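Novice:
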Amino acid sequence: MNSEIAKSRIGEVIRIDTVTSTQADFLATHVPVQNIHIRKKWDSKTDKVMSEEKVFNKYVLNTENEHQFIIVIGSSGAGKSHLIRWFAARLEQSAPENEVVLFVRRSDNSLKGTIKQLLELPEVANIPNKAVYDRLVRATSTIDNKKLKDMIYQNFIVEIKNDENDEIISNNEKKRLVELLQYEQFQLKLMKEEGAIDRIYQKVAENETGDSRDVMALFETSDFEVDVNFCDDMYTNGAAKNAMKMANAILADDEMPERLADYMNTLVNKVIQTCAGLEPGDFEQVFVEIRKEIKRQGKNLTLLIEDITAFTGVNVALLNVLTTEHTGMYESQELCRISSIVGTTEKYFNVNFMDNHKDRVTQFFVIPNDVFGEDQNSLYEFVGRYLNAMSLRGDVLDDWAKNGASMKEYPIHKGEEKSLWDTIEIAKGKELSLFPFTKKAITNLYMCILQPDYRTPRYLLRDVIERAMRNYLFKKESFPEFTIERINDIPFESLYVLIFISKLKKAKQTESKDL
84 MNSEIAKSRI GEVIRIDTVT STQADFLATH VPVQNIHIRK KWDSKTDKVM SEEKVFNKYV
144 LNTENEHQFI IVIGSSGAGK SHLIRWFAAR LEQSAPENEV VLFVRRSDNS LKGTIKQLLE
204 LPEVANIPNK AVYDRLVRAT STIDNKKLKD MIYQNFIVEI KNDENDEIIS NNEKKRLVEL
264 LQYEQFQLKL MKEEGAIDRI YQKVAENETG DSRDVMALFE TSDFEVDVNF CDDMYTNGAA
324 KNAMKMANAI LADDEMPERL ADYMNTLVNK VIQTCAGLEP GDFEQVFVEI RKEIKRQGKN
384 LTLLIEDITA FTGVNVALLN VLTTEHTGMY ESQELCRISS IVGTTEKYFN VNFMDNHKDR
444 VTQFFVIPND VFGEDQNSLY EFVGRYLNAM SLRGDVLDDW AKNGASMKEY PIHKGEEKSL
504 WDTIEIAKGK ELSLFPFTKK AITNLYMCIL QPDYRTPRYL LRDVIERAMR NYLFKKESFP
564 EFTIERINDI PFESLYVLIF ISKLKKAKQT ESKDL
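Residue numbers (my numbering): 84 to 598.
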């Protein structure tokens with residue numbers, strides 16, 4: 084550990100999202116994924132387990148030049164975006180000259196942020212349909228946050244009033260729902276922070292905080308739940324008759340909140356497109372014309388999308404193009420071959436993909452929550468790479484990345500490590516110090532501090548590495564001083580023992596490395 088460099092670099096290197104890290108820091112901290120599960124069908128009972136390198140060579144390179152629609156599935160923080168970004172980096176080095184590689188990053192994970200990326204692509208700037216291009220430009224215009232939220236809310240009411248589909252709720256129920264939505268206290272419920280409208284807003288607007296969570300822009304059953312006190316207040320405040328009827332129906336029928344949420348979710352895409360100033364076919368038209376232009380150049384297309392939720396509102400149109408082949412009945416359209424690799428969560432896939440899109444998936448790459456599995460060395464390497472990267476100046480890693488990012492040339496920092504401290508070998512002649520962690524401490528922190536559903540790279544980075552290193556770098560005299568909530572019935576005193584061998588004042592001088 085080089086503390087002086089690390090103090091200024093920790094905020095640059097430890098980024099919870101790969102979007103904001105530099106290419107050099109990304110490559111320097113990347114740990115190969117060894118246990119990707121490959122499925123032909125989502126409900127398959129037999130998986131092939133392959134390393135990322137084998138997956139890249141067999142599927143991503145697409146040497147047989149086939150149409151592909153590949154879904155990368157994993158929970159939030161499991162490493163979907165990281166893997167897809169690594170595929171993109173490898174394609175830069177290995178793709179043939181006639182392969183156009185388009186990489187759509189998560190950006191701020193909003194529709195506006197995604198559109199801005201598309202507008203920067205030369206293939207989009209050259210499309211002949213300038214009307215569509217102009218609408219995409221207008222869709223990126225900034226609207227005041229509160230005004231946009233109000234627009235989203237009011238457009239739901241407009242869509243309900245004009246909706247003629249009565250498969251989920253009847254026309255009378257729609258009238259009552261409209262008046263409930265117009266009731267001020269119910270509007271406050273849906274408009275609150277992290278409420279239904281806020282979730283949808285986050286997927287439309289540019290996100291100034293850089294938040295890129297895998298949050299779905301959907302209504303949930305809880306959004307429409309009310310209690311007796313809420314209904315009493317409606318009566319006291321003189322709420323409209325139909326609003327009262329809908330609230331009472333929700334109280335009387337346990338299934339009503341779910342029905343209302345399901346119904347409102349059928350309107351989400353229309354509302355987002357309206358608020359963004361897009362027409363339903365705009366995105367489909369853009370990607371069709373991109374494929375035609377690439378075909379005209381005699382080339383093929385590989386499209387990598389870190390997170391499909393960034394296309395919320397236009398995801399159906401996008402999926403239509405990604406699943407459209409270039410041969411057979413589609414040959415007359417003069418479309419290039421497309422190989423698309425799209426990241427998503429299992430929940431989003433189940434809820435938002437239509438059956439015809441699900442049926443057209445050619446491969447599933449499934450990343451397990453516990454991506455490190457029983458491979459303790461990968462766990463140690465993950466920690467070691469971050470410690471090493473933050474101990475090196477950014478220009479050192481930039482030069483390494485520009486020169487091919489070879490492991491033979493991987494730079495190792497020089498710092499204040501003790502001679503007998505734990506290390507992890509990542510390549511022949513390349514050892515990374517784990518100072519101020521030990522292998523035993525890393526294992527115990529990972530297994531005991533992180534609960535099973537949160538044993539992912541994102542939470543390991545946020546809740547263990549960053550937390551401990553900020554403590555060590557900026558309050559070394561009292562390290563380790565932070566306490567951790569009691570988890571899995573482990574006493575607090577044991578947690579302290581698990582964190583590190585002791586305070587660094589008593590840094591070990593012997594071969595003993597047991598906690």
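Ideal Cβ positions, reconstructed from N, Cα and C, are used throughout, including at glycine.
It should be emphasised that the depicted structure is a prediction, and the values quoted were computed from it without experimental measurement.
Contact defined as beta carbons within less than 8 Å: I believe T506 pairs with E514. What is the distance between those atoms, to the nearest angstrom?
Specialist: 4 Å
Novice: Within the same chain, show all residues whose beta-carbon is closer than 8 Å to that of K441, passing over the 5 residues directly before and after it, in chain order.
Specialist: The residues are W125, F432.
Novice: Take D108 and list the residues in its own chain whose beta-carbon comes closer than 7 Å to its own, dropping the five residues that flank it on each side.
Specialist: E95, V96, A472, L480
Novice: At the level of alpha carbons, what is the spacing between S295 and T392?
Specialist: Unreliable placement is indicated for S295, whose pLDDT of 47 sits below 50; the coordinate value is still reported in the next sentence. Roughly 10 Å separates the two Cα atoms.
Novice: At what residues does the beta strand (DSSP E) containing G467 begin and finish?
Specialist: From DSSP, G467 is part of no beta strand (DSSP E) but of the alpha helix (DSSP H) over 459-473.
Novice: Measuring straight from C-alpha to C-alpha, what distance separates E308 and I280?
Specialist: 15 Å
Novice: Check whether the stretch 263-279 and the stretch 398-414 touch, using three or more Cβ-Cβ pairs below 8 Å as the test.
Specialist: no
Novice: L185 by DSSP, collapsed to three states: which one?
Specialist: strand
Novice: How many Å lie between M84 and V287 at the Cα?
Specialist: 41 Å
Novice: Report all residues from its chain with a CB closer than 8 Å to the CB of I210; omit the five preceding and five following residues, and keep chain order.
Specialist: Y216, V369, E372, I373, E376
Novice: Measuring only from the beta carbon, is F432 closer than 7 Å to any heavy atom that is part of the ligand COA?
Specialist: What this structure holds is no ligand at all, so the ligand COA is not there to describe.
Novice: Which partner residues of R476 appear in the DSSP bridge assignment?
Specialist: The partner list for R476 (beta bridge, DSSP) is empty, contrary to what the question assumes.
Novice: Is the beta carbon of N452 closer than 8 Å to that of S104?
Specialist: no
Novice: Which of the three DSSP states, helix, strand or coil, is assigned to H120?
Specialist: strand
Novice: Helix, strand or coil, according to DSSP, for I495 in the structure here?
Specialist: coil
Novice: Going by alpha carbons, who is nearest to K195 out of L361, Q459, A551?
Specialist: L361
Novice: Enumerated in chain order, which unbroken segments of the alpha helix (DSSP H) with a length of 4 residues or greater are wholly contained in the stretch 371-426?
Specialist: 398-405
Novice: Identify, in the order they occur along the chain, each residue of the same chain with its Cβ nearer than 6 Å to the Cβ of N352, setting aside the five sequence neighbours on each side.
Specialist: G396
Novice: In whole angstroms, give me the CA-to-CA distance for S415 and I388.
Specialist: The alpha-carbon separation between S415 and I388 amounts to approximately 27 Å.
Novice: Taking the alpha-carbon positions, what's the Y346 to F239 distance?
Specialist: 11 Å
Novice: Over the uninterrupted beta strand (DSSP E) stretch that includes L543, give me the two end residues.
Specialist: Premise fails: L543 lies in the alpha helix (DSSP H), 540-543, not in any beta strand (DSSP E).
Novice: Can you tell me whether F557 is buried or exposed, with buried defined as 16 or more other CB within 10 angstroms of its CB?
Specialist: Classification of F557: exposed, given that the 10 Å Cβ count is below 16.
Novice: For A214 versus I198, is the C-beta distance shorter than 8 Å?
Specialist: no
Novice: Exposed or buried, T176, counting other C-beta atoms within 10 Å across all chains shown (16 or more means buried)?
Specialist: For clarity, residue 176 is Gln in the given sequence; the question names Thr instead. Counting the other Cβ atoms within 10 Å of the Cβ of Q176 gives fewer than 16, which makes it exposed.
Novice: For a minimum of 4 consecutive residues, which ranges assigned as the alpha helix (DSSP H) are wholly contained in the stretch 226-285?
Specialist: Taking only runs of at least 4 residues, the alpha helix (DSSP H) segments lying wholly in the stretch 226-285 are 228-244, 254-265, 267-274.
Novice: Who are the near neighbours of A322 in its chain, counting only those whose CB is closer than 6 Å to its CB and skipping five residues on each side?
Specialist: Y266
Novice: In whole angstroms, what is the alpha-carbon distance linking P574 and L271?
Specialist: Because P574 sits at a pLDDT of 42, beneath the cut-off of 50, its placement in the model cannot be relied upon, and the point is left open.
Novice: For L219, which residues in the same chain have their Cβ closer than 8 Å to its Cβ, ignoring the five residues on either side in sequence?
Specialist: Counting only residues of its own chain and dropping the five nearest sequence neighbours on each side, L219 has a CB closer than 8 Å to the CB of I198, L201, L202, V207, L361, D365, V369.
Novice: Could you tell me which uninterrupted beta strand (DSSP E) segments, each at least 3 residues in length, are contained entirely in the stretch 148-174, listed from first to last along the chain?
Specialist: Here the runs fully enclosed are 151-156.
Novice: Using CA coordinates, which residue listed in A111, K123, M530 is at the minimum distance from I154?
Specialist: The shortest C-alpha to C-alpha distance from I154 to any of A111, K123, M530 is the one to K123.
Novice: Report, in whole angstroms, the separation of the C-beta atoms of C419 and L384, which I expect to be a contact under 8 Å.
Specialist: The Cβ separation is near 5 Å, so the contact holds.
Novice: Among the residues of its own chain, which have a CB less than 7 Å from the CB of I167, if the five just before and after it don't count?
Specialist: V155, L387, E389, I424, G426
Novice: Figure out for me which residue from K131, E242, E341, T146 has the closest Cα to the Cα of C358.
Specialist: E242
Novice: Return the chain-ordered list of same chain residues with a C-beta closer than 6 Å to the C-beta of V449, the five sequence neighbours on each side being excluded.
Specialist: H120, I156
Novice: On the three-state DSSP scale, how would you describe F302?
Specialist: coil
Novice: Which value, in whole angstroms, describes the spacing of the CA atoms of K229 and Y284?
Specialist: 10 Å
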